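Undergrad: Residue numbers (the numbering used here): -2 to 174.
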């Protein structure tokens, strides 16, 4: 079982009792604004998503971590690694991403979890390069990406929705733990 502890967070595999709080996050228009077409997701979609995330762990040896607060055990969202197959021009690649409930924004949790995940990718899983993809205009995610030391690599358009995307990257030689 892969777990990462930071000063305030536990990054871990998914449990059955994570379903309801993750479904609440996926149903929050603020949390979903910059995801795909911006629409909220229902409980069934959340069940399917968590099943896919767990399958990726089994197949790839990495995936999306459930992120909980150490102090309370409360699930606040996810951060982790995935293969961005939706963007063929970026392949082959492994991307870092995150989604937190809006009530947890502005407290440094995304940066803390993402930094721990990036360290896991480059040092534990032996990846030599990680990317992050965000919608142009999503300044909060852009700030987290910059804190990770990632640099813009290219701009492109989402292949389905057409909005502008920015691809950032960092390689092992640039990473500072």
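Think of the CB as a built atom: it goes at the ideal place given N, C-alpha and C, for glycine as much as any other residue.
Note that the structure is a prediction, hence the values are computed from the model and not measured.
What does a CB cutoff of less than 7 Å around residue 20 pick up in its chain, not counting 5 residues either side in sequence?
TA: If we look at residue 20 and ignore the five residues flanking it on each side, its Cβ neighbours are 40 and 43.
Undergrad: How about the region 69 to 85 and the region 153 to 161: do they share at least three Cβ pairs that are nearer than 8 Å?
TA: With a cut-off of 8 Å, the region 153 to 161 and the region 69 to 85 count as touching, because enough Cβ pairs lie within range.
Undergrad: For the region 58 to 71 against the region 32 to 39, do three or more pairs of beta-carbon atoms, one drawn from each stretch, fall closer than 8 Å, so that the two count as touching?
TA: The region 58 to 71 is not in contact with the region 32 to 39.
Undergrad: Would you say residue 11 faces chain D, with C-beta separation under 8 Å as the test?
TA: No chain D is part of this structure, which consists of one protein chain only.
Undergrad: Entirely within the region 96 to 152 and at least 4 residues each: give me those alpha helix (DSSP H) ranges in chain order.
TA: The region 96 to 152 contains these whole alpha helix (DSSP H) runs: 106 to 116 and 136 to 144.
Undergrad: So residue 241 and residue 73 are in contact, right, with Cβ under 8 Å, and what is the actual spacing, rounded?
TA: Nothing can be reported for residue 241, as the shown portion of the chain is limited to -2 through 174.
Undergrad: Does the Cβ of residue 133 have 16 or more other Cβ atoms within 10 Å, making it buried, or fewer, making it exposed?
TA: It counts as exposed.
Undergrad: With DSSP as the reference, identify every bridge partner of residue 42, one or two as the case may be.
TA: Residue 42 is not bridged to any residue.
Undergrad: Helix, strand or coil: which one does DSSP assign to residue 33?
TA: Note: residue 33 maps to coil in three-state DSSP.
Undergrad: Of all the options 56, 68, 4 and 93, which has the alpha carbon lying nearest to the alpha carbon of residue 75?
TA: That would be 93, whose Cα lies nearest to the Cα of residue 75.
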